[in-house]
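> Take the sequence shown: its letter number 36 is residue 27 in the numbering used here, and every next letter is one higher.
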Amino acid sequence: VDSKDLLNRVLANQSLALNSGVQIRNTLIVPDTLTLSEALESFKTAGEDFAVIMNEYALVVGIITLNDVMTTLMGDLVGQGLEE
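#1: Based on DSSP bridge pairs, tell me the residues matched to A42.
#2: Rounded to whole angstroms, what's the CA-CA distance from I55 to A3? Just pull it up for me.
#3: Could you spell out where the alpha helix (DSSP H) holding D(-4) opens and where it closes?
#4: Going along the chain, which residues of its own chain have a beta-carbon closer than 8 Å to the beta-carbon of V52, five neighbours each way excluded?
#5: Alpha carbons only, please: which of E32, V21, S(-6) is nearest the one belonging to Y48?
Rendered as structure tokens:
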């Protein structure tokens, strides 16, 4: 569920119940064994900016954003630009 979709529904006085048309989106899931460049490629291919990290036992071990990857690769130069 996208927060923008929820906000638009609240502003339009529409229901937030999951069976009332709230759009549920698939989440990008990446294994915890990916390198940064592989994670970046996954984000690019999926067109997403948020992913759930899972280990080999299918347990969620974290989340990662495209901003996290870019900040790690390029330092604070990218992080400041994306937040503005």
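Virtual Cβ for every residue (Gly too), placed ideally from N, Cα, C.
Let's see:
#1: Residue mapping note: residue 42 aligns to position 51 of the sequence shown, counting from 1. A42 pairs with L19, I55.
#2: The count along the sequence shown starts at 1 and reaches residue 55 at position 64. The count along the sequence shown starts at 1 and reaches residue 3 at position 12. Taking the straight line from one Cα to the other gives about 31 Å.
#3: As a position in the sequence shown, residue -4 is number 5, starting the count at 1. Segment -6 to 2, the alpha helix (DSSP H) holding D(-4).
#4: Stepping through the sequence shown from its first residue, residue 52 is reached at position 61. These residues qualify, in order along the chain: D23, I44, M45, N46.
#5: By one-based count along the sequence shown, residue 48 stands at place 57. The candidate whose alpha carbon is nearest that of Y48 is V21.
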